[in-house]
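These notes concern the structure reproduced below.
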Amino acid sequence: MLTAKERLELAMMQPTAELLTQVGSSPRGLSPEQVEVNRETYGENVITKANQASLWQKIYESIINPFTVILLIIALVSLVTNVILAEPGEQDPTTPIIILVLVMVSGAIRFFQELKSDQAASNLSSLIVNTATVIRDGQESEVPIDELVVGDLVKLSAGDMLPADVLLLESRDFFVQQSSLTGESDSVEKKAYALPDPSQANKSPLEAEQLVFMGSNVVSGSATALVLVTGNHTLIGRIEKTLNTYDEPTSFEKEMNSISWLLIRLMLVLVPVVFVINGLTDSDWLEAGVFALSVAVGLTPEMLPMIITASLAKGSVIMAKEKVVIKKLNAIQDLGAIDILCTDKTGTLTQDEIILEYPLDIHAQLDLGVLKVAYLNSYFQTGLKNLLDRAIIGRTEKEALEHEDLRDLASRYKKIDELPFDFERRRMSVIVQEGSQVRMVTKGALEEMLSISNYVQDDGQIIALTDEIRADVLEAMSNLNDQGLRVLGVCYKNYDNPHHAFTVQDESDMILMGYLAFLDPPKPSAAPAIQALREHGVATKILTGDNEKVARTVCEKVGLDVDHILLGTDIDTMTDETLGELVDDITIFAKLSPDQKARIIRLLKAKGHKVGYMGDGINDAPSLRVSDVGISVDTAVDIAKEVADVILLDKDLLVLEKGLIEGRKVYANMTKYIKMTVSSNFGNIFSLLFASVFLPFLPMAPVHLIVLNLVYDLSCIALPFDNVDPEFLKEPRAWSAKSITRFMAWMGPTSSIFDIITFMVMFFLIGPMITGTSYFESADPAYFLMVFQTGWFIQSMWSQTMVIYMLRSPKLPFVQSLPAFSLVVTSLFAVFAVTILPYTPLAGALKLAPLNAPYFIALLLIIVAYMALVTVVKAAYIKRYNEWL
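Counting from 1 along the sequence shown, just add 401 to a position and that's the residue number in the working numbering.
Below you can see the structure in the form of structure tokens.
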């Protein structure tokens, strides 16, 4: 059996017939039996990516992150100081054990959550299947790309992804974009050779004109190709096996990284301060060091990665129920952050069921002859049959029931050649033959048809195209556009020689026969969807290749601003600076090329906007790539589905609105955890600094801080599933380190006030009440210390947990804003677990003492007062900054 490399090299030197025989194929394609033989011989058409993590890698990545590394260092230091260097009989491994438990619990939760997320993502991705048109046993059919085998014959046209490494057998103006392999952004023409071409012999396979590789996509033209190499043996498959592909971080990933490092920097500043103050106060530098490390544990939000993963996974699963497939987990949050949605109008604002209303002659009179010629173009073209082609074919078949001249056109005519559509010419031509008559039939934008025509057909007569006729045609088109009708021109040209080598240069000196008027009515849901997006702070901008009149009419019907329109011809004359000044104010951009669409999106992003782009055609691929969130549909061309982040199974803006809301819920619940945790821990630092100065002992043992952190973090597991206030979802939200720092600076010291009150109550009231004497007079100060530390330990958990309900919403908890039931359960369980610890067998190991009834009465009063003060501070904060979360 020849290797993949040998098959490619032989393909450049061997006649096609010999190559077909070697792989068990023929001009009719493979037989079903040979398909299975080739699959067994050459393998599946599936690429195993090098950067797919193994089970051990996933376990490692779940446990190791910047926060857990800090915790593990602290555990190591604690092991050395409390166990290895401790005096015999004084070894205490409690702290390192609890830290390890903390790290393992966090890692385990994240690991299983990510496994669940990966499975959900895999299940969702299976809903999106890219197919190829394959010829087997002489019959064309659509099969999933991963079912292709070596020896298959495939048909390729604009918009297709190359399903394997192939040899071109037939091609017509076939251009591909292969930047993923070569780095060249310009499209490259590929050609089929009937016999080996000596000029290709010394080229590398990648440079050979007759070879095209997986990872490329078809820009224009059509071809029939032989599959030579599949799966891991393809060129891109071999690259994947040797290189880890790198995805540029999304805006969400960049923001989360910045927040993570903000928290780490905060810890690196505060922990040394605690260490120095405690060391200077008590002169016990070892104890001060242990306590400072415990503070570092308390400041570390080690559950942050798990909260992020759980929030994103929950959002993607919910969106799957709404027929939205999230290809990349981070895209759900990015979707919620967009403040501008750019989209084409066809199929998004309109019903995606274009109707051919009128086939008209040059005098705007109904003419079925124009329909007949248009049918030949649409039926015989082998490129991507769009909605317009289907409308033409459907109308012709309907009219054929009553008009004999329109019957059996497919059998009466024979296709000779075609000149495929591309976005520069904006037209496509088919050359057909009936008897001895050969005719080139061309359709495209009416302005393009006028530019290549010198004649018109007028009542069966061929006359010159005069300026007066041109003006009449353009006026008729303008009137149709004003009615929201899209217009295509139809022209033709006769030839005597069927063997003429047709090129795009032949599209000249043609005869304009008439034009076609299509109606693509707005969707009933379009206007409500645009209004709903507007109410949620998202502006909709239309980026279309259609002319401005059609766009204006449709957009006016769905409630968009039609006073500000910019054309592609104007954009070409503008610098980025000039265009950047206009993009915010323009709603409709018409007659755009694919590059112009992408340029507008880049300029919007440069101005600080989060931009989503929705498209389904090959011309949308550049825009899908450069937008913050690329959105496509399951009926889109392969390349659009490949580069999109989000796939809609229902092409409806109302569905998109639901995705946007879910993304904002994800943001809300993640920011709750970050702000609550950071502000609470920051408050603890203030309390500890006060205690270090005014108390003769540490207010809480290091092991208490660590247990407190463990239980609190476990109580936050339900946060990704918390309810979010409807008002919060009305605006796009962006992560801000400044907002987190500000929130921390306000709410942290607020909690410290009640910590200090607790210190005073425990030191002057509860401690003496339980021990029978003051600390300084006590015969057993260690017992007094246990009572004191137990009191603050329990109060800290109560305040940290109960304040969740105050901080999770700017509204009054339970009265105006209800938390999720799961959050209530986990938080109450955390409070209960910590409260009963002093009465369990673990009390001795944790150095906790039982407390009396007066303590709990005082605790309730302190918590109620704390809630009241938080309510006042929250109102002042919102009034000043006009935000909460």
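Just so you know, even glycine gets a beta-carbon here, dropped at the ideal spot from N, CA and C.
Is Tyr-1074 near Leu-705, with beta carbons less than 9 Å apart?
For the pair Tyr-1074 and Leu-705, the CB atoms are nearer than the 9 Å cut-off.
Own chain, CB closer than 8 Å to Asp-1029, minus 5 neighbours either side, in chain order:
Close CB contacts of Asp-1029 within its chain, under the 8 Å cut and outside five residues either way in sequence, are with Thr-651, Ser-652, Asp-735, Ala-738, Ile-739, Lys-1006, Lys-1011, Val-1012 and Gly-1013 (chain order).
Return the CA-CA distance between Ala-721 and Leu-636, expressed in angstroms with no decimal places.
Take the alpha-carbon of Ala-721 and the one of Leu-636: they are about 34 Å apart.
Measuring straight from C-alpha to C-alpha, what distance separates Val-628 and Ile-1001?
When rounded, the distance between both Cα atoms is 38 Å.
Measuring straight from C-alpha to C-alpha, what distance separates Gly-638 and Phe-576?
When rounded, the distance between both Cα atoms is 22 Å.
Along the alpha helix (DSSP H) that carries Thr-1072, what are the first and last residues, could you check?
Unbroken alpha helix (DSSP H) run through Thr-1072: 1054–1095.
Kindly list the residues whose CB is nearer than 6 Å to the CB of Arg-808, restricted to its own chain and excluding five residues on each side of it in sequence; keep chain order.
Closer than 6 Å at the Cβ level, and outside the excluded window around Arg-808, lie Ala-801.
Please state if the CB of Tyr-1113 and the CB of Ser-1081 are separated by a distance shorter than 9 Å.
Yes, they are a contact pair.
Looking at the structure shown, is Ile-499 part of a helix, part of a strand, or coil, going by DSSP?
If DSSP states are grouped into helix, strand and coil, Ile-499 belongs with the helices.
Let me confirm a value: His-1233 is counted as buried when at least 16 other C-beta atoms fall within 10 Å, else exposed. Which label applies?
The sequence as given places Phe at residue 1233; His does not occur at that position. In summary, Phe-1233 is exposed, with fewer than 16 beta-carbon neighbours lying within 10 Å of its beta-carbon over all protein chains present.
Going by CA-CA distance only, name the one from Asn-895, Asp-921 and Phe-919 that's closest to Ser-909.
With distances taken between Cα atoms, Ser-909 lies closest to Asn-895.
Using 8 Å as the threshold, is the stretch 843–860 in touch with the stretch 752–766, meaning 3 or more CB pairs across them?
Yes: the two stretches touch, three or more of their Cβ pairs being nearer than 8 Å.
Three-state secondary structure assigned by DSSP to Glu-491:
In this structure, Glu-491 counts as coil in the three-state DSSP scheme.
Which stretch, first to last residue, makes up the alpha helix (DSSP H) that contains Asn-778?
Looking at the DSSP string, the run of the alpha helix (DSSP H) that includes Asn-778 is 769–781.
Output the distance between the C-alpha atoms of Arg-1281 and Met-1203, rounded to the nearest integer angstrom.
For Arg-1281 and Met-1203, the distance between alpha carbons rounds to 25 Å.
Identify every residue that forms a DSSP beta bridge with Thr-1159.
DSSP output for Thr-1159 lists no bridge partner at all.
Quick one: is the Cβ of Tyr-1256 within less than 8 Å of any heavy atom of the ligand FMN?
Looking at this structure, you won't find the ligand FMN or any other ligand, since it has none at all.
Buried versus exposed, by CB contacts within 10 Å (16 or more), Arg-813:
Classification of Arg-813: exposed, given that the 10 Å Cβ count is below 16.
Looking only at DSSP bridge pairs, what is Ser-712 linked to?
DSSP lists no partner for Ser-712.
Could you pull the start and end residues of the alpha helix (DSSP H) that Arg-827 belongs to?
Following the DSSP letters along the chain, one finds Arg-827 in no alpha helix (DSSP H), marked with neither H nor E.
Helix, strand or coil at Phe-576 according to DSSP, with G and I counted as helix
In the structure shown, Phe-576 falls within a strand segment according to DSSP collapsed to helix, strand and coil.
Rank Leu-582, Val-630, Val-619 and Ser-621 by C-alpha distance to the C-alpha of Glu-608 and give the top, closest one.
From the listed residues Leu-582, Val-630, Val-619 and Ser-621, the smallest Cα separation to Glu-608 is found for Leu-582.
If we count the other Cβ atoms within 10 Å of its Cβ and call it buried at 16 or more, is Tyr-461 buried or exposed?
It is exposed - the Cβ of Tyr-461 has fewer than 16 other Cβ atoms within 10 Å.
Compute the distance between the beta-carbons of Asp-823 and Phe-903, then report whether it is under 9 Å.
No, the Cβ-Cβ distance between Asp-823 and Phe-903 is not below 9 Å.
Rounded to whole angstroms, what is the Cα-Cα separation between Glu-936 and Glu-1128?
The straight-line gap from Cα to Cα measures roughly 11 Å.
If the criterion is Cβ atoms closer than 9 Å, does the pair Ile-1205 and Met-1077 meet it?
Their beta carbons are under 9 Å apart, which means Ile-1205 touches Met-1077 by this criterion.
Ala-476 and Ile-510 look like a contact to me (Cβ under 8 Å); what is the Cβ gap, rounded to whole Å?
Between Ala-476 and Ile-510, the beta carbon gap of about 19 Å keeps them out of contact (Cβ cut-off 8 Å).
What do you get for Tyr-443, buried or exposed, if any count of 16 or more other CB atoms within 10 angstroms of its CB means buried?
Classification of Tyr-443: buried, given that the 10 Å Cβ count is 16 or more.
For Ile-1048, three-class secondary structure by DSSP:
Ile-1048 falls in the strand class under three-state DSSP.
By alpha-carbon positions, which one of Val-620, Thr-945, Leu-847 and Ser-1200 ends up nearest to Thr-1151?
Of the listed residues, the one whose Cα sits closest to Thr-1151 is Ser-1200.
For the alpha helix (DSSP H) that Gln-884 lies in, which residues bound it at each end?
From DSSP, Gln-884 is part of no alpha helix (DSSP H); its letter is neither H nor E.
Return the Cβ separation of Ser-621 and Ala-559 in integer angstroms, given the expectation that the two are a contact with Cβ distance under 8 Å.
Yes, Ser-621 and Ala-559 are in contact; Cβ-Cβ is about 5 Å, under 8 Å.
So what does DSSP say about Asp-962, is it helix, strand or coil?
The DSSP-derived three-state label of Asp-962 is coil.
Counting only the same chain and skipping the five closest in sequence on each side, list residues whose C-beta sits under 8 Å from that of Tyr-1184.
Sequence-distant partners of Tyr-1184 (beyond 5 residues in either direction) whose C-beta falls short of 8 Å from its own C-beta, in its chain, are Thr-1172 and Ala-1250.
With respect to the alpha helix (DSSP H) encompassing Asn-618, which residues constitute its N-terminal and C-terminal limits?
Run containing Asn-618: none in the alpha helix (DSSP H); it sits in the beta strand (DSSP E), 618–630.
Take the Cβ of Asp-1046 as the centre, count every other Cβ of all protein chains shown within 10 Å, and call the residue buried at 16 or more, exposed below.
The residue is buried, with at least 16 neighbouring Cβ atoms inside 10 Å.
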